[in-house]
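J.: Protein chains in written order, with the working numbering: chain L, 1 to 364; chain B, 1 to 403.
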Amino acid sequence: MKTKLTALAVTTALVAPAAMAQEMTIVSWGGAYTASQKNAYHDPYTAKTGVTIINDDSSAEGISKLRAMKEANNLTWDLVDLEAADAMRACDEGLAIEVDHDELLAAAPDGTSASDDFGDMIVSDCFIPQIVFSTTFGYRTDLLPEGKEAPAGACQAFDLENYPGKRGLNKRPIANMEWALLCDGVAYEDVYDALETAEGQARAFAKLDTIKDETIWWSSAAEAIQLLADGEVFMSSTYNGRLFSAIVEQEQPIGMAWDWQMFDLDGWVIPAGLSDERLAQVKDYVFFATDTQRLADQAAYISYGPARASSAPLVGKHATLGIDMGPHMPTDPNNAENTFVNNYEWWADNRDDLDAKFQAWLAK
Amino acid sequence: MAALTPISRKPMSLVLPTVAAAGGFFGLFIGTSNGSGILGVLIGALMAVIGAALYIFVLKNEKLGKWLTIALYGALGFLFGGLAAAIVGLLYGWFIQWFSYWLYEGRYRARLLPYLTPGQVLWHYAFRVICGAIFTFLITPILVVMPLSFNEQDFFTFTPEMLRLDPAGYSLKHYQDFFTNNEWQRSFKNSLIIAPIATIISVSLGTLAAIGLSQSHVPGRRAIMAIMISPMIVPLIISATGMFFFYSDIGHWLEGTLGMNKTFVGYVKVVLAHAVLGIPFVIITVTATLVGFDRSLTRAAANMGANPVTTFFRVQMPLILPGVISGGLFAFITSFDEVVVVLFVGSASQKTLPWQMFTGLREQISPTILAVATILVGISILLLATVELLRRRSERLRGMSPT
Chain L
1 MKTKLTALAV
11 TTALVAPAAM
21 AQEMTIVSWG
31 GAYTASQKNA
41 YHDPYTAKTG
51 VTIINDDSSA
61 EGISKLRAMK
71 EANNLTWDLV
81 DLEAADAMRA
91 CDEGLAIEVD
101 HDELLAAAPD
111 GTSASDDFGD
121 MIVSDCFIPQ
131 IVFSTTFGYR
141 TDLLPEGKEA
151 PAGACQAFDL
161 ENYPGKRGLN
171 KRPIANMEWA
181 LLCDGVAYED
191 VYDALETAEG
201 QARAFAKLDT
211 IKDETIWWSS
221 AAEAIQLLAD
231 GEVFMSSTYN
241 GRLFSAIVEQ
251 EQPIGMAWDW
261 QMFDLDGWVI
271 PAGLSDERLA
281 QVKDYVFFAT
291 DTQRLADQAA
301 YISYGPARAS
311 SAPLVGKHAT
321 LGIDMGPHMP
331 TDPNNAENTF
341 VNNYEWWADN
351 RDDLDAKFQA
361 WLAK
Chain B
1 MAALTPISRK
11 PMSLVLPTVA
21 AAGGFFGLFI
31 GTSNGSGILG
41 VLIGALMAVI
51 GAALYIFVLK
61 NEKLGKWLTI
71 ALYGALGFLF
81 GGLAAAIVGL
91 LYGWFIQWFS
101 YWLYEGRYRA
111 RLLPYLTPGQ
121 VLWHYAFRVI
131 CGAIFTFLIT
141 PILVVMPLSF
151 NEQDFFTFTP
161 EMLRLDPAGY
171 SLKHYQDFFT
181 NNEWQRSFKN
191 SLIIAPIATI
201 ISVSLGTLAA
211 IGLSQSHVPG
221 RRAIMAIMIS
231 PMIVPLIISA
241 TGMFFFYSDI
251 GHWLEGTLGM
261 NKTFVGYVKV
271 VLAHAVLGIP
281 FVIITVTATL
291 VGFDRSLTRA
301 AANMGANPVT
311 TFFRVQMPLI
321 LPGVISGGLF
331 AFITSFDEVV
341 VVLFVGSASQ
351 KTLPWQMFTG
361 LREQISPTIL
371 AVATILVGIS
381 ILLLATVELL
391 RRRSERLRGM
401 SPT
C-alpha cells in the first residue's frame, strides 16, 4: 500500500510537467458572457494552438484579487476581463501593464491601424477594448399593470404609482446615482458635475430613497435575471446581454426597457508581473482574440457590440437561433431615445468615496 | 403490538376542536400560498369539523367515510391545482379521516400504558410532533433542491409545468450538462484528486499526533493539543488569508529552487492546506477512541517481543480503527466541501467542485448546481451507509454486537 502510494506520487510528479505545459488562466464574468468568449475566442484558439484555456469567473473581484496577488507575489492569472473604470484603476495602481495597441493588436482587414479602428474605446493605456455593453432595465411583461404602456426605461423604475412592484438594482452606486439624477430632472450634461457636490449626491440619494423600500439589491448579474425569471421583481436593471439571453434563448416573459441605458466598455488587461514566457503567450492570444473577425463572432453569441469599428458590418445572425443580432445591440438607434455613457474616468477617481457613501446609505 | 389499554369513545368537546385545529393548520399552508392565510385556516377548520361530524353522526361507516373523504379532497385538489395538488389532497383526505377516527374512538390511548394521565398522553404525542418538526426543518432544504434539479428551465424556479407534474416541465439536461461540461468535469476531477490525498495526510498525521498526545509523559500536551485543533476554531477566512501568504512563499521556493511544475505546486499547496484543516477532526475522534483503549495490551505485546511499530499496526490500530475511519470521513468531507481556503490558496487549475458551485451560484444561477448537489447528497448517503455496514460487519466478525 505504502509503496504503491509513493510510486503514484512520483509518477504524478514526473508526468505532470509534460502534460501541463501549455495552459492559460483567463478571468472573466461567467455565465452567458464567458460562454460567448469561449465560443468565439477560446475554442478556436485552442484548436489552432493546442493551448488549454482555464476560465476563472472572478472578474467581479478582479481588482482586489489582483492586489492580493501582487502583495503575495503569486500571480496565477494570465489575462483579466475588466470594465473600463476598473481597468483604469488597475492601470493607476500598477496592477496591469501598459501596452502599445498598434504593436500588440491586429490591424483592420482594410489596413486601418488598431488604435484608429478602436478609436475612442481605448480609454487607458492598459485597456484592450472588447465590447460595448449597456446596463439597462428589463421588466416582466405579465406583471405589467392593465392599461399601462410598457415601461420605456430607467425613469419608470422610480414611478411606483404607475408601475407598482419590487425593483431590482445593482448594489453599487454606478448607474444608480446617474439614473436618480437624470430621472429627477437633472440635464444629462450636468449629471457628473452634480454628483461631485454634496447637494447633488444628497439629491440622488433622496430620489433613490423613494424606491428604497421596494428595492431588492443584487450583486451579480445572474441574481438580477433570477429575480426577473421568478417574477419576484417587476423590473430590474442588469446587463443587456444577460437580458437578451433570458428573453430570446430562455424564452422568459421579459421585455426590454432601453431608455437611459448606460453604455460601458469591457475589455482585457494584462496583469503586471508575468514571466516573459507567459507574457508572450498572452500577447499571442490577445492578438488572435481581438482581431476584426473574432470580435464580430462574439456578437453571434451575446448581444454586446464589438469595440472595433471594422467589426460592426460583420455582425450577423445568432449562432444557434439564426435571428438578426443587429436590433438587439445596445447601439441600435431604434432602441433608446436617451442614452448616456459611463464616465469611466470620473468613476475611477470617485469610486472608493462614493462606494462608501452608498453602502452607508444602504445600511440606514 | 397489542393494545395495552382498553379504549372508549371520546366526547365531541375534545374531538371537534382538535380536528378543527388540524384542519386549520393544513388550511394555513394552502391559504397562504393562495393569498389569504386566515381564510385558509377558517375553511380548513370548518371542512375538517363538518367531515368529522358527518362520520360520527351520519355515515357511521368508517371504510365508506375514508374513501369518500379521500375522493373529495383529491377532487378538490385536482380542480384547484392540477395533479400535484390532487396528490396532496388525497394524502390529506386520508390523514384527516384517520385522525378524526383516531381521536373519536380513543385509539390514541390503545398503545400507551393504562396509568398515564391525560397530560402525559398529550406530552407523549407532542414530543413526537416536535421531533418530526425538527426532522422536517433539517431535511426540507435538501429535499427542495432535488426536484428543482430536474427543472426544464435554466432558473431556480418551480415552473407551472413542474407544479402540474407535466413531464414537459422536467428534464435531465442539467445532469447532462454536469457530465459533459468541461468546467464541471475538471472541477470534479480536482476534488477527487485533492480530497483523498488530503485525507490520507490528515489521517496519518492526526492519528500519530493523537497517540502521542495521549501519552501522559508528553510535556505541555494540553497546549500542543490546543494549537493542533486551532484550525477548527479560528475563523476560516483568517486561516485562509494567512495560508495565502504562507503558501505563496512555499510555492515560490518549490517552483524557483526545486524547479517543480506550477500546476503541480498548486495541487501540493491546496492538498497541504486541506490536510491542515482535516487534522483536528482526526485528532479529536482518535483521542476519543483512545480513552477506551486498554494500555496494558501494548505492554503485553511488548512483553511478547513485538516492537512498537508492530504493536501499533497489529494491536492498537485495529482497535482504534473506528475512530480513525470516522476522523478520516470528517477530514474527507472538510476538504470536499471546502471553498474559502481553496479560493485563496488555489488557482483556477485547482478549481474544486465547491469553488465551481460557488462561482456558478454567483455568476450564473444554473440548476446544474442543484444537479451536482443532488449527486453529492446521493454519494454522501452511499458513503456513510457503506461505512456503517462495514463497521457492523467487522464487529460481527469480531464477535461484538453492534451498539
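Heads up, the beta-carbon is just placed ideally off N, CA and C, and yes, glycines get one too. Predicted model, so just to flag it, every value in this text is computed and none were measured.
Measuring straight from C-alpha to C-alpha, what distance separates Ser245(L) and Tyr33(L)?
T.: Each residue's alpha carbon lies about 10 Å from the other.
J.: Beta carbons nearer than 7 Å to chain L: which residues of the stretch 315 to 339 of chain B have them?
T.: Taking 7 Å as the Cβ-Cβ cut-off against chain L, none of the residues of the stretch 315 to 339 of chain B qualify.
J.: Taking 8 Å as the CB-CB limit, is Phe155(B) close to chain L?
T.: Interface residue, yes.
J.: Let me see if you follow: with CB-CB separation under 8 Å, is Thr76(L) close to chain A or not?
T.: Reference to chain A is not applicable here, since the protein chains of this structure are L and B.
J.: According to DSSP, simplified to helix, strand and coil, what is Tyr163(L)?
T.: Coil, per DSSP.
J.: Considering only C-alpha positions, which residue in the set Gly147(L), Asn338(L), Asp353(L) is nearest to Cys155(L)?
T.: Considering only alpha carbons, the answer is Asn338(L).
J.: Checking the sheet assignment: what are the DSSP bridge partners for Arg140(L)?
T.: Note: Arg140(L) sits in a beta bridge opposite Ile254(L).
J.: From Met12(B) to Ala86(B), what distance separates their C-alpha atoms?
T.: Going from the Cα of Met12(B) to the Cα of Ala86(B) covers about 30 Å.
J.: So which residues on chain L does Arg299(B) lean against when the C-beta distance must stay under 9 Å?
T.: Residues of chain L passing the Cβ test: none, with the nearest at roughly 27 Å.
J.: Throw me the rounded Cβ distance for the Ser202(B) and Val145(B) pair, which I believe falls under 8 Å.
T.: At roughly 29 Å, the Cβ-Cβ gap does not stay under 8 Å, so Ser202(B) and Val145(B) are not in contact.
J.: Would the beta-carbon of Ser310(L) fall within 8 Å of that of Pro44(L)?
T.: No. Outside cutoff.
J.: Is the distance from the Cβ of Asn190(B) to the Cβ of Gln350(B) below 8 Å?
T.: In this structure, Gln350(B) lies closer than 8 Å to Asn190(B) by Cβ.
J.: Locate the alpha helix (DSSP H) running through Met243(B), then write down its first and last residues.
T.: 236 to 256 is the extent of the alpha helix (DSSP H) around Met243(B).
J.: Report, in whole angstroms, the separation of the C-beta atoms of Phe293(B) and Ile320(B), which I expect to be a contact under 8 Å.
T.: So it is a contact: roughly 6 Å between Cβ atoms.
J.: Can you pull the chain B residues whose beta carbon is under 8 Å from the beta carbon of Thr366(L), in chain order?
T.: Missing from the structure shown is residue 366(L); chain L here goes from 1 to 364 and no further.
J.: What are the partner residues of Leu169(L), as DSSP defines its beta bridges?
T.: Paired residue(s): Trp217(L).
J.: Flag this pair as yes or no: are the beta carbons of Val282(L) and Leu105(L) separated by less than 8 Å?
T.: No, the Cβ-Cβ distance between Val282(L) and Leu105(L) is not below 8 Å.
J.: From Lys166(L) to Leu79(B), what distance separates their C-alpha atoms?
T.: Going from the Cα of Lys166(L) to the Cα of Leu79(B) covers about 31 Å.
J.: Could you work out which residues of chain B lie near Asp159(L), taking near to mean beta carbons separated by less than 9 Å?
T.: What Asp159(L) touches in chain B: nothing, since even the nearest Cβ is about 26 Å away.
J.: Using a Cβ-Cβ cut-off of 6 Å (strictly less than) and excluding sequence neighbours within five positions of Ala301(B), which residues of its own chain qualify?
T.: Contacts found: Thr311, Val315.
J.: With DSSP collapsed to three states, give me the class of Gly305(L).
T.: Strand at Gly305(L).
J.: Report yes or no: is there a C-beta of chain B within less than 8 Å of the C-beta of Ser220(L)?
T.: It does: the Cβ of Ser220(L) has a partner Cβ on chain B nearer than 8 Å.
J.: Any idea what DSSP makes of Pro141(B), helix, strand or coil?
T.: In the structure shown, Pro141(B) sits in a helix (DSSP, three-state: H, G or I).
J.: Please check if any C-beta of chain B sits within less than 8 Å of the C-beta of Asp57(L).
T.: For Asp57(L), the answer is yes, since a Cβ of chain B falls inside 8 Å of its Cβ.
J.: Could you work out which residue in Asp291(L), Gly326(L), Phe287(L) is closest to Ile302(L) when comparing CA atoms only?
T.: Cα-wise, what sits closest to Ile302(L) is Gly326(L).
J.: Check the Cβ of Arg164(B) against every Cβ in chain L and list those closer than 8 Å, keeping chain order.
T.: By Cβ distance, chain L contributes nothing, its closest Cβ being about 17 Å from Arg164(B), past 8 Å.
J.: Indicate whether Val387(B) and Ile142(B) have their beta-carbon atoms separated by less than 8 Å.
T.: Not in contact: Val387(B) and Ile142(B) (Cβ atoms no closer than 8 Å).
J.: Looking only at its chain, what residues have a beta carbon closer than 6 Å to the beta carbon of Ala21(L), apart from the 5 residues adjacent to it on each side?
T.: Legend: pLDDT at Ala21(L) = 46, less than 50; position of this residue unreliable, value from coordinates given subsequently. Result list for Ala21(L): empty, nothing under 6 Å.
J.: Could you work out which residue in Phe234(L), Asp116(L), Ala224(L) is closest to Gly241(L) when comparing CA atoms only?
T.: Of Phe234(L), Asp116(L), Ala224(L), the residue nearest in Cα terms is Ala224(L).
J.: Please state if the CB of Glu23(L) and the CB of Thr52(L) are separated by a distance shorter than 8 Å.
T.: Yes.
J.: Within the continuous alpha helix (DSSP H) that includes Phe340(L), where are the two ends?
T.: Counting along the chain, Phe340(L) falls outside any alpha helix (DSSP H), though it belongs to the beta strand (DSSP E) covering 339 to 341.
J.: Taking the beta strand (DSSP E) that Met24(L) belongs to, which residues open and close that run?
T.: Looking at the DSSP string, the run of the beta strand (DSSP E) that includes Met24(L) is 23 to 27.
J.: Looking at the secondary structure, which residues open and close the alpha helix (DSSP H) in which Val88(B) lies?
T.: Looking at the DSSP string, the run of the alpha helix (DSSP H) that includes Val88(B) is 62 to 104.
J.: Could you spell out where the alpha helix (DSSP H) holding Thr289(B) opens and where it closes?
T.: Its alpha helix (DSSP H) spans residues 262 to 291.
J.: Only counting the same chain, and skipping five residues up and downstream in sequence, which positions put a Cβ closer than 7 Å to that of Val158(L)?
T.: Note on residue identity: the sequence assigns Phe, not Val, to residue 158(L). So the qualifying residues of the chain are Cys183, Lys207, Thr210, Ile211.
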